[in-house]
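Notes follow the structure.
Residue numbers (our numbering): 229 to 521.
Given below as structure tokens:
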């Protein structure tokens, strides 16, 4: 019995081992089959997804192409309309071209006749315009001659007026210089008045009145200078100094003793002139006349 039981146990163990091996082999087979199925299913899913995505792209592409086709059809219709209009315009232009060429041919053939007709129509007006042009030209030449004569006359009048004014100014200047040639003396020496006095000579006199005329050199020295220098010119600086002194003297009243002495001396010399003073005044007047001439 023990042997049978041991054999039974061994047989049961062997059977169990065989069953376990069979189970393991079946589990491995099932696992392999499941993995293969998963891979196959994944491939099918990828193929389906790819086909779906391609179909979606194709669908969007079809939609865009349909829109482009619609716009192209509209453009084609517009182009056809424009082509029809252009064809109509072309026909009109051809008709106008034919008419223009015909008119041009007629104008070329009848050019001389048209020219003669226009000349016959406007010949009187053209002659009148020619006559008016000649009259206007003659009037223009006449006005130009009058303008030249008027300019010459006005120029002559201006020159005469300038010459007359120059003579008047020269005469006034001569009279002013002659009337201003009054002799004058001070305490130390005899000095004479002149229109050619300088500012330096005016400053030399320390005892003279500030409102009196400036003094000059003796008449003989002036006469010698004039005879030596024929190109003598008027010193305008001296003339301005003399003029300022004269204006200051006329506008002032003698208040100091020196000024009163000058007034008394002028009154005495004007009433009884000496021979020397008259001769010096005579030479001075001659020198002034030479300067002006």
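Where is the CB? At the ideal position from N, CA and C, for every residue including glycine.
Measure the C-alpha to C-alpha separation of residue i and residue j and round it to an integer number of angstroms.
i           : j           : result
residue 403 : residue 395 : 12 Å
residue 398 : residue 371 : 40 Å
residue 358 : residue 387 : 43 Å
residue 295 : residue 306 : 17 Å
residue 336 : residue 317 : 28 Å
residue 291 : residue 285 : 10 Å
residue 365 : residue 401 : 53 Å
residue 347 : residue 356 : 14 Å
residue 325 : residue 332 : 10 Å
Helix, strand or coil for residue i, going by three-state DSSP, please let me know.
i           : result
residue 338 : coil
Taking CB distances under 9 Å as the criterion, tell me whether residue i reaches chain D.
i           : result
residue 349 : As a matter of chain content, chain D is missing from the structure shown, which is built from one protein chain.
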